[in-house]
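**Q** Got a structure here, written out as structure tokens. Questions coming.
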Amino acid sequence: MAQIQVQHQPPVTAPNGVAANAGGAPGQFVSTSLYVGDLDQNVTDSQLYDLFNQVGQVVSVRVCRDLSTRRSLGYGYVNYSNPQDAARALDVLNFTPLNNKSIRIMYSHRDPSIRKSGTGNIFIKNLDKAIDHKALHDTFSSFGNILSCKIATDGTGQSKGYGFVQFDSEEAAQSAIDKLNGMLINDKPVFVGHFLRKQERDGAWNKTKFNNVYVKNISESTTEDDLKKIFGEHGQITSVVVMRDGDGKSRCFGFVNFEDPDAAAKAVDNLNGKKFDEKEWYVGKAQKKYERELELKERFEQSMKEASDKFQGVNLYIKNLDDSISDEKLKELFSDYGTVTSCKVMRDPDGNSRGSGFVAFSTTEEASRALAEMNGKMVVSKPLYVALAQRKEERRARLQAQFSQMRPVAMAPSVAPRMPVYPPGAPGLGQQFLYGQGRHLHR
DNA sequence: AATGAGCGC
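Residue numbering for the first sequence follows full-length UniProt numbering, beginning at 1 and increasing consecutively.
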């Protein structure tokens, strides 16, 4: 069972702090430092210590936490005094439940390049639900050294019937795929293949055959006949169109339909990126309208996420702003504390200040100093409110939490009237407020 | 049907 060779000489420490691979089997790793992942939120340092100290001499443990919130990041480290104990712990304690959740142990590897590369990573599906992490590990360990392995589970720990094994080499992964794909395990034929990210799978999907080709960035003078001539070299064309506006002016894109999908693919390969009349053509598979919308939406959401990641910790939310404060004035107010990279007063459609805005700094240090110094400061007529800007989801989560706090107060009668009915002279706004919230919660 | 997470003092 133990696959990690025992070291008889002291480990040689590499410059990065990880013990060098002195004498281990090829690709195997000799170290005293373990990474422990998939930790339940509430697992503590002492729980880690108590568990891991049972199988060897633990030097130190830690559950990693967010610096400001102290929330567990769901992983930690255990350091042993010798590599044999670390190897034994990995072998014996991997997948032990802690707070009812299986922990996943790996050697600590600070260099993220192996993880990021995804080399040797495989995906297994159609697994019998009775197969657990350990069984998966045992089944696949004969093909090579496993760095990490797990079964996808639901909240209760029940298998979802698929899982992942990361080997330390591509060869091991390939031989596992060759030997096990399609084999029966517990009477079920399992799928075993390389792990693919979503977009890589989409890429494979996009390689499905197509006849219709989209061409854009053509010059305004390019005609159907020009397209026919250029695209026609790659195969039989069934239709060509250059899209035009009401006046017949080219919109500089068009479609070419081929009889044979292989010809369409060849045309894309050969013509995409080529220059005609100084214009670099984009030539690709024509998308259905919904496909294009989906792609644009995904791209938009991606860039929004990147933008909000970029602002994480450097963007301040300001409210209680005097109406006279402009973007420029706001920037001026905050530029004492650092480099203001963007600045905006929120306005209604008529251009009136909404009394709130955002100021972004180039570093989190500047932002937190500005927050500390400017929050509550009198500006023109009133004290500023300054806080770290929240991302949309965070704000939604917070508001939701507030709503649920209010629920006991806002509770509607067990049989709620369809519409709020106000007795004459009743404080209508209060009623409306309460029912409005109740409805929102049950949306 | 299903394609994770992820490295410190």
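Cβ coordinates follow ideal geometry from the N, Cα and C atoms, glycine included.
Quick one: using the 10 Å Cβ neighbour count with 16 as the cut-off for buried, is GLU220 buried or exposed?
**A** exposed
**Q** Look at the alpha carbon of LEU48 and the alpha carbon of ARG70, and state the distance between them as a whole number of angstroms.
**A** In a straight line, the C-alpha of LEU48 is about 17 Å away from that of ARG70.
**Q** Between the C-alpha atoms of PRO83 and VAL55, what's the straight-line distance to the nearest angstrom?
**A** The straight-line gap from Cα to Cα measures roughly 12 Å.
**Q** Does the separation of the CB atoms of ALA360 and VAL386 fall below 8 Å?
**A** Not a contact, by the Cβ cut-off of 8 Å.
**Q** With 16 other CB atoms within 10 Å as the buried threshold, where does PHE143 fall?
**A** buried
**Q** Rounded to the nearest angstrom, what separates ARG354 and TYR282 at their Cα positions?
**A** 44 Å
**Q** Quick check on DSSP: helix, strand or coil for PRO383?
**A** strand
**Q** For VAL268 and GLN287, I'd like the C-alpha separation in whole angstroms.
**A** About 13 Å.
**Q** Determine the direct distance from the alpha carbon of ARG197 to that of LEU227, and round the result to whole angstroms.
**A** 36 Å
**Q** From ASP50, TYR317 and LYS150, pick the residue whose C-alpha is nearest to that of ASP38; which is it?
**A** LYS150
**Q** When we look at the beta-carbon of GLY376 and count the other beta-carbons within 10 Å, is it buried (16 or more) or exposed?
**A** exposed
**Q** Please state the DSSP three-state secondary structure of ASP187.
**A** Annotated three-state conformation of ASP187 is coil, per DSSP.
**Q** Is the region 85-105 in contact with the region 130-144, if contact means three or more CB pairs nearer than 8 Å?
**A** yes
**Q** Which two residues bound the contiguous alpha helix (DSSP H) that contains VAL92?
**A** 83-93
**Q** Taking only the alpha-carbon atoms, compute the straight-line gap between GLU293 and PHE300 and give it to the nearest angstrom.
**A** 10 Å
**Q** What distance in whole Å lies between the Cβ atoms of ASN186 and GLY161, which are believed to be in contact at a cut-off of 8 Å?
**A** Contact flag wrong, Cβ pair sits at about 11 Å.
**Q** Where SER72 and ASN42 are concerned, what is the direct C-alpha to C-alpha distance, given to the nearest angstrom?
**A** 7 Å
**Q** Taking the alpha helix (DSSP H) that VAL30 falls in, what are its first and last residues?
**A** Segment: none, VAL30 is in no alpha helix (DSSP H) and carries neither H nor E.
**Q** Can you give me the Cβ contacts of GLN236 inside the same chain, cut-off strictly under 6 Å, excluding the 5 residues immediately before and after it?
**A** GLU259
**Q** Looking at ASN145 and ASP111, is the spacing between their C-beta atoms short of 8 Å?
**A** no
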